[in-house]
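To convert a position in the sequence shown, counted from 1, into the numbering used here, add 24.
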Amino acid sequence: MAIIRWSDYPEVPNPMREIERLHKEMNRLFSDLGLRSMSPFQVGVYPAVNVSEDTQNIYVRAELPGLKSEDLEISVEGDTLTLRGERKLKEAGEGVNYHRREREAGRFRRILTLPTKIDPNAVDASLKDGVLKIVLPKAPEVLPKQIQVKTD
């Protein structure tokens, strides 16, 4: 006779696991039809980004291999950062048949909601080795303020 552990709490469903399962199933279906899988360009998550912050700034790092600064546009409006650009790839030439083509080319747009207000006049951006680094100083009104305690 098997012993089964009893729990008063049912297993909590994980929505991310279900989304991941659906994404894999969609890729399998597209593959069975001879179509390309859903690439990051198609599902709106290109470029991949990391967003972090400290007490003074918000930092955004985006992977943009092969892009030049003139192919990129960055704008800030309120608490929204928008990255736009175009990734250009050179064609292999006439008479070349691809066996696999995963590198995408074309226009992209990535919109990020920032965790707090920033000073749009002090934003700094640099592109080096395919990584875009953006430093967004926090607005003065959201920075921590030192409060002096008075004594009687």
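Glycine residues also receive a C-beta, built at the ideal position from the N, C-alpha and C atoms. Just so it is clear, the structure is predicted and the values come from calculations on it, not from any experiment.
Using a Cβ-Cβ cutoff of less than 8 Å, which residues in the same chain neighbour Asn81 once the five nearest sequence positions on both sides are dropped?
By 1-based counting over the sequence shown, the position of residue 81 is 57. Once the five neighbours on either side are set aside, the close Cβ partners of Asn81 are Val159, Leu160, Pro161, Lys162.
Outcome for Gly109 when other beta-carbon atoms lying within 10 angstroms are tallied against a minimum of 16
To locate residue 109, count along the sequence shown from 1; it is residue 85. In this structure Gly109 is buried. Its beta-carbon is surrounded by 16 or more other beta-carbon atoms within 10 angstroms.
Where does Pro39 sit, in a helix, a strand or coil, going by DSSP?
In the sequence shown, residue 39 corresponds to position 15, counting from 1. If DSSP states are grouped into helix, strand and coil, Pro39 belongs with the helices.
Pro251 classed as buried or exposed, judged by whether at least 16 other C-beta atoms fall within 10 angstroms
Past the edges of the chain, shown from 25 to 176, lies residue 251, and the structure says nothing about it.
Nearest to Ser180 by CA position, among Asp103, Lys174, Ala149, Pro164, is which residue?
The chain is shown only over 25 to 176; residue 180 falls outside these bounds and no answer can be derived.
Leu53 (DSSP reduced to helix, strand or coil):
Locating residue 53 in the sequence shown gives position 29, counting from the first residue. Three-state DSSP puts Leu53 in a helix.
C-beta neighbour in chain D for Met40, strict 9 Å
Any reference to chain D falls outside this structure, which holds one protein chain only.
Just the Cα atoms here: how many angstroms apart are Ser63 and Lys157?
The sequence position of residue 63 within the sequence shown is 39, counting from 1. The sequence position of residue 157 within the sequence shown is 133, counting from 1. Any reading at Ser63 must be qualified, since the residue scores a pLDDT of 48, below 50, and its modelled position is unreliable; no value is offered.
What would DSSP say about Val159, mapped onto helix, strand or coil?
Along the sequence shown, one-based indexing puts residue 159 at 135. Looking at Val159 - three-state DSSP - the assignment turns out to be strand.
Run of the beta strand (DSSP E) containing Asn74, from where it starts to where it stops
Here the question's residue 74 lines up with position 50 in the sequence shown. Segment 73-77, the beta strand (DSSP E) holding Asn74.
Kindly indicate which three-state DSSP category Leu105 falls into: helix, strand or coil?
Here residue 105 corresponds to residue number 81 of the sequence shown, with the count starting at 1. Of the three classes helix, strand and coil, the one that applies to Leu105 here is strand, per DSSP.
Give the DSSP-derived three-state secondary structure of Leu88 in the structure shown.
Here residue 88 refers to the residue found at position 64 when the sequence shown is read from its first residue. DSSP places Leu88 in the coil class of the three-state scheme, outside both helix and strand.
Could you say which of Arg41, Pro37, Asp95 lies nearest to Leu151 if we only look at CA atoms?
As a working mapping, residue 151 is identified with position 127 in the sequence shown. The residue from Arg41, Pro37, Asp95 with its alpha-carbon nearest to that of Leu151 is Asp95.
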